[in-house]
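Report on the structure given below.
Protein chains: 2
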Amino acid sequence: MPFELYYWDEIQGRGEFVRLALEEAAADYVDVARQPSGMAAMMKFLKGATEASAPFAPPFLKDGDLIVSHVANILLYLGPKLGLAPSQESLRFVANGLQLTITDFVAEVHDTHHPLSTNLYYEDQKDAAKQRSTDFIEHRIPKFMGYFERTVERNGNGGDHAVGSQLSYVDLSLFQVIEGLRYAFPRATKGFGERYPALMALHDAVGKRPNIKAYLTSERRLAFNESGIFRHYPELDQDV
Amino acid sequence: MPFELYYWDEIQGRGEFVRLALEEAAADYVDVARQPSGMAAMMKFLKGATEASAPFAPPFLKDGDLIVSHVANILLYLGPKLGLAPSQESLRFVANGLQLTITDFVAEVHDTHHPLSTNLYYEDQKDAAKQRSTDFIEHRIPKFMGYFERTVERNGNGGDHAVGSQLSYVDLSLFQVIEGLRYAFPRATKGFGERYPALMALHDAVGKRPNIKAYLTSERRLAFNESGIFRHYPELDQDV
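Protein chains in written order, with numbering that gives the first Met the number 0: chain A, 0 to 239; chain B, 0 to 239.
Here it is as structure tokens:
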């Protein structure tokens, strides 16, 4: 039975971190909301009053009767099944910790364009968004990216890997974060190559993997857009 | 060897979710930063250039050589060891999913007083904080609390439990969230008893557990204060 991934049908968003793992492993999966009547199927789960494990929000993964929600939790669950988690059990907690740091980073990316409320349009919180983005570019990008750079550097047995000696879902997620940041903040990310060489080597290595490369050029890969987490609003990027 | 918990020494903050689990289980642990020279010991880890699994931020737990970071990850690790996780493996992913929803809720609580930047004082972002808090009280509290209420209700085999048929770390965390919300927003949380009866029954049951009760009145339990996540700024509470 294929894995069923439930996520909004028109954005990469948080679902993309799961899609990349499924694609790298050439796993049998259905991106449910992108099938005919798929959005209705997803909403049924979200409103479902009877499911004991009804999720709070997409993405969630259905594997048989089990519903697993939240990106890091889905990847924790899928990692060993897809050969994308460290084999040593203790390192799986390290991988999960890194993934949760990525989760926090992604939430901060979202808040650059929605600092006051998810119930307001971006246009109605532009001034606050500019303040938050300025802080994000000055302080938060260097803090998170510097941390991940040191993590890859320190992982001596790993080469281009964040944890362990083989590719893990954490590497795929770091690739996606960098892709997203470059899309959203082309000016602020210009010097990434010099500033974060280990991380950018990891990024480039992921982008060259055959299954990832095939996926990125397929119709299954949605384009970045201004409904997702990573949005390109030039006025929020680093000032010229 | 005792577990070593590393977290800021003067606030409940995110560390409190871990403390509650350790206390309920009467586990052998050291709250490192609250010991003499403890803050220095913690900062050494955060700055540590050599530790492969150096954490991004507190809290983190050291168990022998292993360092586990992020609340949900620490609880995932400790849960089975402390008898505070469901015994069925699939339910552990459900518990982790719920804990990650709590994590998101707690991050939103933090952002009610710091919507623009963690590098600015609250006083320098008061107007934005008022807007974000208003939205939080109107939309986000009902959304999260309603979700957790339905979760407890639906968990038929559980009585006062969010997942499974016995106490889990998720129940302890829900207790703490409710304690914190009541401290921060006494006016907005006034009707919690009528609005969220299942959740409040769970909260009250946790508060009556002997080890939790003893902990809450001990010197180990720090008081809520305006340096933590849950801050009582009357001007951010629901308008009279």
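All C-beta atoms in this analysis are idealised placements derived from N, C-alpha and C, irrespective of residue type, glycine included. No experiment lies behind these values; they were computed from the predicted model shown.
Hey, H138(B) and N224(A): beta-carbon distance below 7 Å or not? no
Could you check if P79(A) is buried or exposed, using at least 16 other CB atoms within 10 Å of its CB as the buried criterion? exposed
Along chain A, in chain order, which residues have C-beta atoms closer than 8 Å to that of R116(B)? It is Ser, not Arg, that sits at residue 116(B) in the sequence shown. Those are Q130, R131, D134, H138, listed as they occur along chain A.
Does the beta carbon of K146(B) sit closer than 7 Å to a beta carbon anywhere in chain A? Note on residue identity: the sequence assigns Tyr, not Lys, to residue 146(B). At least one chain A Cβ lies under 7 Å of Y146(B).
Using beta carbons (cut-off 7 Å, strictly below), is A20(A) in contact with chain B? no
Length of the line joining the Cα atoms of H69(B) and F104(A): 13 Å
Going along chain B in order, which residues have a C-beta closer than 8 Å to the C-beta of S68(A)? G96, L99, T100
Going along the chain, which unbroken runs of the beta strand (DSSP E) with 3 or more residues stay wholly within the stretch 124 to 173 of chain B? none
Quickly, what does DSSP pair K61(A) with across the bridge? List them, please. E3(A), I66(A)
Rounded separation between L215(B) and D203(B) - CA only: 13 Å
Assign P141(A) to buried or exposed, taking buried as 16 or more other Cβ atoms, counted over all protein chains shown, within 10 Å of its Cβ. exposed
On the criterion of 16 or more Cβ atoms from any shown chain inside 10 Å, does R13(B) qualify as buried, or is it exposed? buried
Chain-ordered neighbours of S172(A) on chain B, where CB pairs are closer than 7 Å: Within 7 Å Cβ-Cβ: nothing; S172(A) doesn't reach chain B, min ~14 Å.
Min CB distance S89(A) to chain B below 7 Å: yes
What is the residue span of the beta strand (DSSP E) that D30(B) lies within? 28 to 30
Go ahead and label Q34(B) buried or exposed: buried means 16 or more other beta carbons lie within 10 angstroms of its beta carbon, across all protein chains shown. exposed
Is the beta carbon of L83(B) closer than 7 Å to that of Y168(B)? yes
When you compare only the Cα positions, how much space is there between K129(B) and F147(B)? 25 Å
Residue closest to L166(B), alpha-carbon to alpha-carbon, out of G206(B), R194(B), G192(B), I66(B): G206(B)
In chain A, what lies closer than 8 Å to P54(B) by C-beta? G96
Who are the neighbours of F92(A) on chain C, taking C-beta pairs under 8 Å? Any reference to chain C falls outside this structure, whose protein chains are A and B.
Could you spell out the range, first to last residue, of the alpha helix (DSSP H) harbouring Q11(B)? No alpha helix (DSSP H) holds Q11(B); DSSP gives it neither H nor E.
Between the Cα of N133(A) and those of F229(A), P114(A), E152(A), D236(A), spot the shortest distance and give me the residue it belongs to. One point to set straight first is that residue 133(A) is Thr, not Asn, in the sequence displayed. Nearest C-alpha to T133(A): D236(A).
Taking only three categories from DSSP, how would you classify H113(A)? coil
is_contact[A127(A), chain B] using C-beta, thresh 7 Å: yes
Exposed unless 16 or more other CB atoms sit within 10 angstroms - verdict on N210(B): exposed
Could you check the C-alpha separation between D159(A) and L115(B) for me, to the nearest Å? 34 Å
Report the CB separation of V29(A) from E3(A) in whole angstroms; it is logged as a contact under 8 Å. 5 Å
Do you know offhand how far K212(B)'s Cα is from P58(B)'s? 23 Å
Under a three-way DSSP split, which group does P196(A) fall into? helix
When you compare the CB positions of A25(B) and L81(B), do they come within less than 7 Å of one another, or not? no
Could you check how far apart the C-beta atoms of I136(B) and A183(B) are, in whole angstroms? I think they sit under 8 Å. That pair is no contact at about 10 Å.
Residue span of the alpha helix (DSSP H) that contains G37(B), given as start and end: 37 to 46
Using the rule of at least 16 other Cβ atoms within 10 Å of the residue's Cβ for burial, across every protein chain shown, is Q87(A) buried or exposed? exposed
Neighbour-count burial assignment, P196(A), 16 or more Cβ in a 10 Å radius: exposed
Provide the residue span of the alpha helix (DSSP H) that contains K212(A), from first to last. 209 to 215
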